[in-house]
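*Asks:* Position in the sequence shown (from 1) plus 550 gives the number in the numbering used here.
Take a look at this one; I'll ask things after.
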Amino acid sequence: MEEVRRNSLQAWILAARPKTLAGAITPVMIGCALAYADGKFSWIPALICCLFAGLMQIAANFINDLFDFLKGTDREDRLGPERACAQGWISANAMKKGIFITVALACLIGCSLLLYGGWELILVGALCVLFAFLYTTGPYPLSYKGWGDVLVIVFFGFVPVGGTYYVQALNWTPDVTVASLVCGLIVDTLLVVNNYRDRDADRKSGKKTVVVRFGEPFGRYFYLLLGIIAAWLCFWFLFSGHLYATLLPQFYLFFHIRTWRKMVQIHSGKKLNSILGETSRNMLFMGILLSIGLIING
């Protein structure tokens with residue numbers, strides 16, 4: 551990569567990691583599709599949810615960048631994408647200011663959702679901010695203790711899918727619960743690929759992800775099962791009359807299994823970054839398929 555000027559706009563864009571935004575937007579898209587299917591869709595709260603999710607994703611990226619650097623987790627032999635603080639592109643003090651500004655903007659935008667939902671949204675927003683920090687920081691950093699997958703399912707599944715639906719419909723249905731779980735599982739495939747790739751480095755740095763705790767074979771099949779379970783959960787939608795929301799997501803399995811086979815063949819090293827890209831594409835594809843299925847039947 552060409553030299554990046556310290557604290558430049560390019561450095562901040564790289565630190566924001568735009569490619570990860572698909573993981574923030576996909577749950578909002580599914581929540582909007584659920585609202586549309588129930589005749590409750592509204593553009594303004596949908597856009598606000600999208601902005602809030604995007605800003606919180608960027609804030610989380612900044613937080614992870616800074617505190618993984620401070621903990622010494624981002625070593626020279628890092629296999630994943632380069633991190634801004636570790637590379638010296640952004641100073642630690644500048645990153646702290648960036649985190650504050652991004653979180654403040656997210657909170658400001660999120661507060662406008664109070665016009666559409668109840669005061670309980672303040673608690674939800676506060677938990678989003680709190681766990682963005684607790685994921686990497688504090689006396690018990692959750693991602694270092696093997697809780698990352700649970701947090702992904704909650705904060706990339708139930709919170710954004712259910713929250714997006716709730717501010718438009720002021721309700722919660724069984725379909726929302728299932729769609730939230732489906733979304734959380736497919737987003738978690740991204741985390742599993744990251745942890746599978748970094749398993750040796752994580753072991754050295756004391757980061758006890760589920761792949762480190764249970765071993766490479768577990769990580770390999772855990773990734774496969776996440777996608778299969780997510781697709782099969784969509785058969786639930788037959789009970790609520792959403793035929794296409796059941797059938798279309800099954801096409802995701804073809805791409806998911808093909809990517810898994812490549813992951814098994816590569817096994818280790820930087821080449822697994824290509825699997826990360828394919829997994830992100832598959833996740834977005836699944837989100838689109840489920841959303842289209844819900845909208846068609848809506």
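Quick reminder that beta carbons are idealized off the backbone N, C-alpha and C, glycines included.
Please read all numbers here as calculations on a predicted model, not as lab measurements.
Please name the residue in 569, 638, 597 whose C-alpha comes closest to that of residue 553.
*Replies:* For the purposes of this step, residue 553 is identified with residue 3 of the sequence shown, where counting begins at 1. Selected option, being the one with the closest Cα: 638.
*Asks:* Would you mind listing the beta strand (DSSP E) stretches within the segment 564-601 that are 3+ residues and don't spill past its ends, in chain order?
*Replies:* Counting only runs of 3 or more, we get nothing.
*Asks:* Tell me, please, whether the segment 599-616 touches the segment 678-687 by the rule of three or more beta-carbon pairs shorter than 8 Å.
*Replies:* Yes: the two stretches touch, three or more of their Cβ pairs being nearer than 8 Å.
*Asks:* Please classify residue 594 as buried or exposed, where buried requires at least 16 other C-beta atoms within 10 Å of its C-beta.
*Replies:* For the purposes of this step, residue 594 is taken as residue 44 along the sequence shown, with counting starting at 1. Exposed is the call here.
*Asks:* Short of 6 Å in beta carbon distance, which residues of its chain neighbour residue 541, apart from the five on each side in sequence? Order them along the chain.
*Replies:* In this structure the chain extends from 551 to 848, so residue 541 is not present and cannot be described.
*Asks:* Taking 8 Å as the threshold, find out whether the segment 582-590 comes into contact with the segment 657-672 through three or more Cβ pairs.
*Replies:* They do not touch, by the three-pair rule.
*Asks:* Whose C-beta lies closer than 6 Å to the C-beta of residue 786 among residues of the same chain, with five residues either side of it excluded?
*Replies:* Locating residue 786 in the sequence shown gives position 236, counting from the first residue. If we look at residue 786 and ignore the five residues flanking it on each side, its Cβ neighbours are 728.
*Asks:* Note the first and the last residue of the continuous alpha helix (DSSP H) segment covering residue 670.
*Replies:* Here the question's residue 670 lines up with position 120 in the sequence shown. Run containing residue 670: 670-684, per the alpha helix (DSSP H) assignment.
*Asks:* Roughly how many angstroms lie between the CA atoms of residue 547 and residue 789, to the nearest whole one?
*Replies:* What the structure shows of the chain is the stretch from 551 to 848, and residue 547 is not part of that stretch, so it cannot be assessed.
*Asks:* Where does residue 602 land, buried or exposed, given buried means 16+ other C-beta within 10 angstroms?
*Replies:* As a first step, residue 602 is located in the sequence shown; it is residue number 52 there, counting from the start. Label assigned to residue 602: buried.
*Asks:* Looking at the unbroken alpha helix (DSSP H) that takes in residue 767, where does it start and where does it end?
*Replies:* By 1-based counting over the sequence shown, the position of residue 767 is 217. Residues 766-783.
*Asks:* Give the DSSP-derived three-state secondary structure of residue 806 in the structure shown.
*Replies:* Position 256 of the sequence shown, counting from 1, holds the residue named residue 806. Looking at residue 806 - three-state DSSP - the assignment turns out to be helix.
*Asks:* Note down the Cα distance separating residue 560 from residue 693, rounded to an integer number of angstroms.
*Replies:* Position 10 of the sequence shown holds residue 560. Position 143 of the sequence shown holds residue 693. Their backbone Cα atoms lie some 28 Å apart in a straight line.
*Asks:* Please report the residue range of the alpha helix (DSSP H) in which residue 793 lies.
*Replies:* The residue labelled residue 793 in the question sits at position 243 within the sequence shown. Here the alpha helix (DSSP H) through residue 793 covers 793-797.
*Asks:* Whose C-beta lies closer than 7 Å to the C-beta of residue 705 among residues of the same chain, with five residues either side of it excluded?
*Replies:* Residue 705 sits at position 155 when you count from the first residue of the sequence shown. Answer for residue 705: 678, 681, listed in chain order.
*Asks:* So, do the segment 569-579 and the segment 830-845 have three or more beta carbon pairs nearer to each other than 8 Å?
*Replies:* Flag = yes, the segment 569-579 and the segment 830-845 touch.
*Asks:* Can you find at least 3 beta carbon pairs, one from the segment 797-815 and one from the segment 754-765, that sit closer than 8 Å?
*Replies:* No, they do not touch.
*Asks:* For the alpha helix (DSSP H) containing residue 732, name the first residue and the last one.
*Replies:* In the sequence shown, residue 732 corresponds to position 182, counting from 1. Note, residue 732: alpha helix (DSSP H), 724-747.
*Asks:* From residue 616 to residue 703, what distance separates their C-alpha atoms?
*Replies:* For the purposes of this step, residue 616 is identified with residue 66 of the sequence shown, where counting begins at 1. For the purposes of this step, residue 703 is identified with residue 153 of the sequence shown, where counting begins at 1. Residue 616 and residue 703: Cα-Cα distance of roughly 24 Å.
*Asks:* Can residue 630 and residue 745 be called in contact, C-beta distance under 8 Å?
*Replies:* Within the sequence shown, numbered from 1, the residue matching residue 630 stands at position 80. Within the sequence shown, numbered from 1, the residue matching residue 745 stands at position 195. Taking 8 Å as the Cβ cut-off, residue 630 and residue 745 do not qualify as a contacting pair.
*Asks:* Taking the alpha helix (DSSP H) that residue 557 falls in, what are its first and last residues?
*Replies:* Residue 557 sits at position 7 when you count from the first residue of the sequence shown. It is not in any alpha helix (DSSP H) - residue 557 carries neither H nor E in the DSSP assignment.
*Asks:* Taking residue 555 as the reference, give the member of 834, 738, 760, 641 with the closest Cα.
*Replies:* For this step, residue 555 is matched to residue 5 along the sequence shown. When each option's Cα is compared against that of residue 555, the closest is 641.
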